Structure formats: structure tokens, C-alpha cells
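Peer 1: Under this note's numbering, think of the first position of the sequence shown as 21, with each following residue one higher. Even glycine gets a Cβ: it sits at the ideal position worked out from N, Cα and C. What you are looking at is a predicted structure, and each value in this text was computed from that prediction instead of being measured. Take a look at the following structure, please.
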Amino acid sequence: MNHSEHSEQVTLIKWWALACKQFGIPEQLLFAIPNGGKRDVISAKLLKDEGVRAGVPDLFLAVPKGDYHGLFIEMKKVKGGVVSNSQKEMGAYLMGRDYYCAVCHGWVEAKAKIEKYLAA
């Protein structure tokens, strides 16, 4: 089985489609921010012109909880996923502005982070 970042994120979103109901949260409040991935030069320029920014996390759960305005998740594959400097900087910036920001290695870790965040 391929445990790429993509497949981990897809599995998390499939879990969320069912789990969101138990939390009483609309499914669409957990959404992807398509900043990553390999693209051809023209597509990359178009997306950059539209506002794609380096370091922005992969997912956002638009649910305020406790002291936080929402939860950002940077997805990584279970083994070997590396956090870039721009991702570290963005995570620190977001945390400093009362957003919870987590790096999750695999969908199981991301699921646990979402459950813990929503239980707070």
C-alpha cells in the first residue's frame, strides 16, 4: 500500500465525512488548501497569481475552540515527511495569532489531533 501524503490526506477526509456528524459539524468546515504538489510551469504561475503561498498548511478546520480560531494541519507521510522552513515559519506565525497549527504524520495522527482539538 502506498502511504504517500496524498493517500494519507484522502483517508483522513474520508474519515471526516463520517466523523463530522458525531461532532455536529458540517463536513465542509474541514477543507484542503491546495498549495502543494508538482505542477507544470503555467499552472504553477496561475495558482501563484491567485494567491497560493509557500508554507501554508494543507488543511483547515474552520471551527473555533477554546483559545483558538481554528485548526491548521500540515499533512506528512507517516515516514520520511519533512517540514520545510517556510512551513515551520508559517506554523509559528499562525500559532502566534491564536490558530492551532499541527504537523501530522499520517491520517491516524491527524484524526487524533482533530478529535483532541474538538474535545477541548
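When DSSP labels each residue in this structure, what does Ala74 get in the three-state scheme?
Peer 2: To locate residue 74, count along the sequence shown from 1; it is residue 54. Of the three classes helix, strand and coil, the one that applies to Ala74 here is coil, per DSSP.
Peer 1: For the stretch 122–135 against the stretch 25–35, do three or more pairs of beta-carbon atoms, one drawn from each stretch, fall closer than 8 Å, so that the two count as touching?
Peer 2: Result yes; three or more Cβ-Cβ pairs closer than 8 Å.
Peer 1: Is the stretch 43–51 touching the stretch 78–88 in the sense that three or more CB pairs, one from each, lie closer than 8 Å?
Peer 2: Segments in contact, yes.
Peer 1: Here's a check: name, in chain order, each residue in its chain whose Cβ is nearer than 8 Å to the Cβ of Gly71, leaving out the five neighbours to either side.
Peer 2: Translated into positions along the sequence shown, residue 71 becomes position 51. For Gly71, where only same-chain residues beyond five positions count, there are no Cβ hits under 8 Å.
Peer 1: The beta strand (DSSP E) with Val102 in it runs from where to where?
Peer 2: The residue given as residue 102 occupies position 82 in the sequence shown. Premise fails: Val102 is in no beta strand (DSSP E) and is neither H nor E.
Peer 1: Could you name the residues of the same chain whose beta carbon sits closer than 8 Å to that of Cys40, not counting the 5 residues immediately before and after it, in chain order?
Peer 2: Position 20 of the sequence shown, counting from 1, holds the residue named residue 40. Cβ within range, chain order: Pro46, Glu47, Leu49, Leu50.
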